[in-house]
Amino acid sequence: MKPAAPLSPASAIARRDLREFVRDRRAVFITFLLPLIAYPIVALATVLGLRSALEQIDGAQQPLELKLLLTGADAPAVAARLVALRDAPDRSSLKAADGWPSSLGVSIAASVEAAIEEVRAGAADAWVDVPPGTARALQTLGGVGLPLQATSPNIDAEAAIGHLEAVFESLADAIRRERMARLQVPTSVFEPVTLIVAPKTGGGTSVAQASSVISTIASSMLMILTLLTVTGAFHPAADAFAGEKERGTIETLLVAPCGIGEVVWGKFLAVYAVTLATLVANLVAITGTAAVGVQALPENLQGLLTAAPAAAAVLTAVATQVVLAAVAAAACLAITSSLRSLKEAHHALTTVMLAVSVLAAAGLVPMPLPREAIAAMPVAGQVLVARLALTGEPIGLLLPLTILAAVGWCWLLLKATAAALADEDIIFRGPDAASGLLQRPPERRLPSPLQGVLPAIVGLAGVWYVQSLLPENLAIALPLQQLFSMLLPLAAVIAWQRVNLVETLRLMRPAGRGWLSLPGAVLLGAGLFLLGAMAIRWLVSDTPSAAADELAGRLSGLLTGTPWWLVVLVLAVIPAVCEELVFRGWMLSALQGQQPSTGRQFAAVVAQAALFAVVHLLPERLPTTFAMGLVLGWMAVHTGSLLPGVLCHAVHNAVPVGVSLLAGTSLETLEISPAALAATGLLARRCGSCLGDLQQPGSSSARS
Amino acid sequence: MVTDQDPRAADVGQPQGLPAIDVVDLVKHYQARDGSVVRAVDGVSFNVHRGETVGLLGANGAGKTTLLRMLVTLLKPTSGTASVDGVDIREDPLGVRRRIGYVSATTGVPDRLTPRETLISYGRLHGIPTAELEASVERLVGALGMTSYADRPSGRLSSGQRQRVSLGRALVHEPPVLVFDEPTAAVDLLGSRELLDLLAQLRSEGRAILLSTHRLHEIERRCDRFVIMHAGRIVARGTREELLEPSEDSIEDAFYRAVAS
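Encoded structure:
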C-alpha cells in the first residue's frame, strides 16, 4: 500500500490552527452560533418595525373625517354652499376633489368663545372665521380671504389643512363656474387644457413605496452579512500571530523548516476557512430567517418578496461574499501580524469594523466614482456587485474585475504580513515603549509607525470639523485649514515624541548630485498635474461632484480677485510645505522605520499615499491623489530629502493657477492640449530616470 | 561541507571530526531606537562536538539569546557565520532547521492541543510521513514519560510537563544538534532535575547540546565545557577544571571572576 504523502507545511499549519480554533468553544459560539440567534431577533424587530411603518404610510394616505366650524354673520351662507357642494353628485368634476376629507361636517358656532371651546374640546376639528361681507362678495364678482383660526389638538393639523385647502379650492372652483355661466363665458376660456387622470382603485401601500422598503431591507441585510462575515476572521486572525506570540509558540513555528511565505499561507488558509464557515452560517441563518419572516409580513409585501431573485443573481452575490471573506481574512492577518498579544489584536481589529462599515456603505450608496473604480476597492467592490446582482441591475465585467482586484488586495496584504513576520525588530525586540499613543516615549530617532499616522488621522478629523468654521474667503480659509489639519497636529505630536527632527522630516539636501533632482521635480510636478487632469476627465467624465464643483467655483473666484503671488502662496506653497512635512516627512519616515527592507519601503510609500488620497476628501480625485502620493513618496525615499517633493508638489498645485492667469481661462474650462501633455509626460519620465540614477551612480541613464 | 541531506539518516551516535556546531566570528549588531548601535554579539567563535554538552553562561544582556537565535536561524547575523551539522546558517537556513532542535524558556506549547497532537503537528511541519511520524511520537511519549497526560490538553499541564512537551517537540524530527536557552527557568527543582537527566541521556545518544542557563549549580557537573559571555564577547572558555582557579570550588566563582575582569 502506498504510504500517505506528508502534508505541505502550509496545510499542516492550517490544520493545526483549525484544530485549535474548534477547541475554543467561546470562539465557535461567537462565530457560528451567534448569527443563528441574531438573525431571527433582527428579523423580528424588522418585521414589527416594517408593519408599523407601513401602517403609518397607509394611515397617512387615508383621508380624515373633518368637522368644520364656522363663525361670523355670513357663516350660514358659506356653510350652505359647502353643504351643497358636499352633497352634490358631480363633486368629482371639481378641481382638488381628490383632496377632500372622507366626510365633512359643517356647523356654525354662536360666538368666538364657543368656537374656541368646541375646538379645544375636540368637538370640532377646525375653525374658520367668515368675515363680514363674504356672502355679498360671493354673490357678485368679489373675492374674500377666510382665515383658519385654529385646528383641534386631536387631529393631524397638516392633513386637516390639506383637506381644507382642497375643500375651499373646490368651493372657489364651483363659484368660478357659476360666475362664468352667469357671464356666458365658456369654461374652455379658463381651462384650455386639462389632464384627465383615472381615479385610483383600492388603497394601501403603493408598489413603489414597498419596493423602496424592500431595497432598504436588502441593503441592510447585505451590510449585516458583510460585517458578520468579516467578524468571523477576527478571532482566528488575532490568534494566528498575536496569540502565538502571547503563548510563546511563534518561535517554534519560525524554526520549522518552511519559509515565511508558507507560514503566512498556512495561517491565511486557516483564517479564510473559518471566515468562509462564518459566511455559510450567516447565509443559512438568513435563508432560514427569511423563509419564516416572509409569513409575518403584510400581504402586499409578501407578494413582492415571493418574486425571489434569479439563481444566477444569488450565486453572483454569494461569489462576491466568498471573495470578500478572503480579503477580510488577509486584512485581519496583516493588521494583527505585528502585534504582540490578543488584547492588542482585538483593540486593533475593532477599527476594522469601522473601516468595513465605511467601505460597505460605499458599495451600497451612489458614489461620484465609476462603478469600475468601486468594484476594484476591497469590500466596497464586492458589496457593490452583490447589490447590483440582487437588484437585477446589469453587472457586465464587474464580477471578474472585483474578483481580480480582491486577489490583488489579498496578495498585497499577505506580502505585508510576511514582511512583518520577517522583521526581527517586530518579532523579537519586545514591546516598543513608543507604540502606545498616550505614553511619552524616551528620545529616539524616528517615531513609531502608529504615531506616524496619528497627525494625518487627527488632521482628517480636523478638516471635517474646521470646514464649517472657516471664512468664505479662500485666501484666509486655505492657510487656516492647513494650520488646523496639518501643522497643529504635527506640532503636537512632535512636542510629545522627541525624535530626531532633521532625520524624521528629511530636512536635508538631496543625496548625491541632488541638485539635479530639483529641476526634475519641477517638471514632474507640471507633468503630474496634466496627467492627473486627463485621468480625472477619463475616470469621472465631465460631471464633477458637487463638492468639486463648488471648490472649483470658489478657486476661480479666488483667481479673479486676489494678487497672483498670494494665490500661488495659498494654493501651492503653503499646502506643499505642510502636506510634505506630514506625509513624506513624518509619516513616511515612521512607517519605513530604521534600516527598512525594500518591501517595507514599498509598503510605507503605498500606505502614506493612500492616507494622502483619503485626506483630500474628494472622491473623484482619489486615484490621482494616490498616484501623486506614490510619486512624492518615491522621491522622498530616493533623494532622502523633503525639498524635491515640496517643489514638485508646489509646481503641481501652481500649474493650473499659472495657466489660468496666463490664458485668462477659468479652471472649469481649462482644456489640455495633447501635445503639451505628451511633451510634459516625456520630460517627467526622463526626470524620473535621472532621479532613479542618482541612487545608482554606476548605472546608465540610457536605461530609460 | 556536508550537503543538505536528510539529517535523520546521519549516524547520530558516531563521533565525527567536524564539529556539530561551529561558530566563526559571529557578529550581531542592531540599531537601538535612539539611533545608537548595540553590539549584542561581537565576534564570537566556538564549537560543540557530537556527544558533548557545552554550557553557555552569561549575565542578562550578555548576548546568549541573540547568539542562540542566530544559530537556529531566527535572526540573521550581521557578519561572520556558523554551521550546524555542517550546514551554513546563512546559506541554507531551512537545512539548519531540519538538523536542530530548539527549546527556550519562552517557547510555549499550544494550550488547546494535547501533547500528542502538538508533536504530530510539528512532525508534519518537518514533512515526516504519517506512519513514521506516529511511531516516532509514540516512542517520544514513552521516552519522555508523557504517557499519562499525552491526550490531555496542554493548557491543563504543569510547567514541568509542558517543558517536556516542548522538548518532545524539539526532538520529533530527531535532530543531531540541540540548543537550549534557559530550559529550566520556568520549572521547579524537581522538573529541572528530570529535564537535565533527559539531556544527559540525549548527549549519551551522540547528540551535540548547547545549553544556556543562569542556574550555574545545576549544570556545573553536567557540561563537558563552558563558554562564558559578557557584553557580546567570550571572556572565558574551557572545561570546569580549566576554568577553576585553585582557590575556587564552583563554576559560579569562575564565572564571577571572568565577568568582573
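Protein chains in written order, with our numbering: chain A, 251 to 954; chain B, 1064 to 1324. C-beta: ideal position from N, C-alpha, C; glycine also.
Does any residue of chain B have a CB that is nearer than 8 Å to the CB of residue i?
| i | result |
| --- | --- |
| A:A668 | no |
| A:P681 | Bear in mind that the predicted position of A:P681 carries a pLDDT of just 49, short of 50, making it unreliable; the figure below should be weighed with that in mind. No, no contact with chain B. |
| A:L589 | no |
| A:T875 | no |
| A:D673 | no |
| A:C508 | yes |
| A:P259 | yes |
| A:L932 | Note that A:L932 scores a pLDDT of 44, beneath 50, so its modelled location is shaky; the value from the coordinates is reported in the next line. By this cut-off, A:L932 is not an interface position. |
| A:R850 | no |
| A:R276 | no |
| A:A527 | no |
| A:E270 | yes |
| A:Q845 | yes |
| A:K252 | Low confidence applies here, because A:K252 scores a pLDDT of 48, under 50, leaving its location unreliable and the question unanswered by this model. |
Establish whether the CB of residue i and some CB of chain A are separated by less than 8 Å.
| i | result |
| --- | --- |
| B:E1180 | yes |
| B:P1140 | no |
| B:H1329 | This structure cannot speak to residue 1329 of chain B, because chain B is shown only from 1064 to 1324. |
| B:Y1212 | no |
| B:V1135 | yes |
| B:G1124 | no |
| B:G1208 | no |
| B:A1073 | Low confidence applies to B:A1073: its pLDDT is 38, below 50, so where it sits in the model is not reliable, and the reading given next is rough at best. Cβ-Cβ to chain A under 8 Å: no for B:A1073. |
| B:L1273 | no |
| B:H1189 | yes |
| B:L1307 | no |
Can you list, in chain order, the residues of its chain whose CB lies under 6 Å from that of residue i, leaving out five sequence neighbours each side?
| i | result |
| --- | --- |
| A:E512 | P259 and A260 |
| B:P1156 | T1136 |
| B:A1321 | I1291, V1298 and A1299 |
| B:G1231 | L1182, L1203 and L1207 |
| A:P721 | A727 |
Taking residue i and residue j to be in contact with their CB atoms under 8 Å, please state how far apart those CB atoms are, rounded to whole angstroms.
| i | j | result |
| --- | --- | --- |
| B:T1181 | B:V1242 | That belief does not hold up - the Cβ atoms of B:T1181 and B:V1242 are roughly 19 Å apart, past 8 Å. |
| A:H900 | A:A826 | With the sequence shown as reference, residue 900 of chain A is identified as Ala, and His is not the correct amino acid for it. So it is a contact: roughly 4 Å between Cβ atoms. |
| A:V752 | A:P705 | A:V752 to A:P705, Cβ: 18 Å. No contact. |
| A:V602 | A:I585 | 7 Å |
| A:T466 | A:A575 | Contact flag wrong, Cβ pair sits at about 25 Å. |
| B:G1295 | B:G1118 | Their Cβ separation, rounded to whole angstroms, is 18 Å, which puts B:G1295 and B:G1118 out of contact at 8 Å. |
| A:Q732 | A:C828 | 4 Å |
| A:F876 | A:A863 | 4 Å |
| A:A725 | A:T812 | 6 Å |
Just to confirm, is the Cβ distance from residue i to residue j under 8 Å?
| i | j | result |
| --- | --- | --- |
| B:L1188 | A:C508 | yes |
| A:L318 | A:A376 | yes |
| A:L268 | A:A523 | yes |
| B:A1037 | B:H1112 | Any property of residue 1037 of chain B remains undetermined from this structure, which presents chain B solely from 1064 to 1324. |
| A:L654 | A:V635 | no |
| A:V855 | A:L880 | yes |
| A:V713 | A:V865 | yes |
| B:R1284 | B:P1239 | no |
| A:H902 | A:L700 | no |
When DSSP builds the beta bridges, which residues end up paired with residue i?
| i | result |
| --- | --- |
| B:V1111 | B:I1084 |
| B:Q1094 | B:V1100 |
| A:T875 | Paired residue(s): none; A:T875 is not in a bridge. |
| B:D1244 | B:S1167 and B:S1275 |
| A:V297 | Paired residue(s): none; A:V297 is not in a bridge. |
| A:I624 | BP columns for A:I624 are empty, so no partner. |
| A:A376 | A:L318 and A:T401 |
| B:D1105 | B:V1090 |
| A:L354 | A:L316 |
Excluding the 5 residues preceding and the 5 following residue i in the sequence, name in chain order all residues of the same chain whose CB lies nearer than 7 Å to its CB.
| i | result |
| --- | --- |
| A:G493 | L592 |
| B:R1179 | V1200, V1204, A1213 and D1214 |
| A:Q844 | R695 and L696 |
Determine, using beta carbons only, whether residue i comes closer than 8 Å to chain C.
| i | result |
| --- | --- |
| B:D1174 | Any reference to chain C falls outside this structure, whose protein chains are A and B. |
Among the residues of its own chain, which have a CB less than 8 Å from the CB of residue i, if the five just before and after it don't count?
| i | result |
| --- | --- |
| B:P1216 | D1174, R1175, L1176 and T1177 |
| B:E1197 | I1183 |
| A:R426 | F440 |
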